[in-house]
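Below is one structure, written out as structure tokens; comments come after it.
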Amino acid sequence: MALKGTLADLGIVDLIQFPHAGRKTGHLMITGPDGDARLFYENGALVHASLNDIHGMDALVRIVDWGEGSFEFMPDLQSQERTIEIDLHRAVMQALKLHDELKMEEEKRKSGKTAGESMQDESLRAKLEEFVAANDFAMHAGVLSPEGTVKASADGPDGSPDKIDRLREALHAFVQAYPRGGLSRILLQDELGVVALVMLPDGGSLIVVAAKEASLGTVSVGVGRLALGIE
């Protein structure tokens, strides 16, 4: 018989560990704020965890703080996948530790971003905001100093693109390590959209992130005009 309930009835950590006491085999599905988490147990041992397209400990880290949602445990259902190799108690303790570390890093990043934004060039940010507002394809526009710090930035209505800080760092590192002289422009197209970088006269760079449906030509022309306005 399936066991059902809500996270208001049983906390997430206790829920994840409850199959261990009875050495249960089965599938625990938890519907929470980030989607459906699926945990598979064999004789009380957690052997596989998934959340959307995330698996293993990465999935467990993302669900250990869930405070609301519903769950259902269906006995005897097994998975052929094996993504958890350590015992259940250690897996939960490690997931909690990693979750706290990630949360602290995110808070530091947000704090640093807020401090950086307060020192941005307001006139430059106004130009970037105008560009983003006038071009539907633009998700983000930013200007980096020659040292790689953010001088100004503007985001579209959906907020900052995913991993924008890491993208800036990667592009700045590429520019610094480029082995040939005279680099003026980079255009990249990936599964999420288009990324353009234009070098500025002071050694800094203009970075624009565009939506998936944007064409390389459209982005290139728009970013080129924006760069001229910044120069």
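Just so you know, we're using numbering that gives the first Met the number 0 here: the sequence shown kicks off at 0 and counts up by one. For every residue, glycine included, the Cβ atom is placed at its ideal position computed from N, Cα and C. Given the structure is predicted, the values throughout are model-derived calculations rather than measurements.
| Asked | Found |
| --- | --- |
| Residue range of the beta strand (DSSP E) that Thr148 falls in? | Premise fails: Thr148 is in no beta strand (DSSP E) and is neither H nor E. |
| Pick from Pro160, His171, Pro178: whose alpha carbon is nearest that of Leu205? | His171 |
| Would you report the Cα separation of Val193 and Gly216, rounded to the nearest angstrom? | 10 Å |
| Is Val142 near Leu123, with beta carbons less than 7 Å apart? | yes |
| In this structure, how does DSSP classify Ala169 when only helix, strand and coil are distinguished? | helix |
| State the CB to CB distance for the pair Ile62 and Gly31, rounded to an integer number of angstroms; the pair is presumed to be in contact (CB under 8 Å). | 6 Å |
| Identify whether Arg184 lies in helix, strand or coil by the three-state DSSP scheme. | strand |
| Express the C-alpha separation of Leu97 and Gly202 in angstroms, rounding to a whole number. | 38 Å |
| Taking the alpha helix (DSSP H) that Phe17 falls in, what are its first and last residues? | 11-20 |
| So Phe70 and Leu27 are in contact, right, with Cβ under 8 Å, and what is the actual spacing, rounded? | 6 Å |
| Excluding the five sequence neighbours on either side, which residues of its own chain have a C-beta within less than 6 Å of the C-beta of Leu225, listed in chain order? | Phe130 |
| Just list the residues that DSSP pairs Met103 with in beta bridges. | BP columns for Met103 are empty, so no partner. |
| Mind checking whether Gly68 and Ile29 have CB atoms under 7 Å apart? | yes |
| Let me know the beta strand (DSSP E) ranges lying completely inside the segment 17-81, each 3 residues or longer, listed in chain order. | 25-31, 34-41, 44-50, 69-74 |
| Below 7 Å between beta carbons: does that hold for Val222 and Val207? | yes |
| Excluding sequence positions up to five away, which residues of its chain have a Cβ less than 6 Å from the Cβ of Glu128? | Ala153 |
| Check whether the segment 40-51 and the segment 4-14 touch, using three or more Cβ-Cβ pairs below 8 Å as the test. | no |
| To the nearest angstrom, how far is the alpha carbon of Phe136 from that of Ala94? | 38 Å |
| What separation, rounded to the nearest whole angstrom, lies between the Cα atoms of Asn42 and Lys162? | 39 Å |
| Helix, strand or coil for Gly115 per DSSP? | With a pLDDT of only 49 at Gly115, under the threshold of 50, the placement of this residue in the model should not be trusted; the figure read from the coordinates follows. Of the three classes helix, strand and coil, the one that applies to Gly115 here is helix, per DSSP. |
| Answer with buried or exposed for Ala90, where buried requires no fewer than 16 other C-beta atoms within 10 angstroms of its C-beta. | buried |
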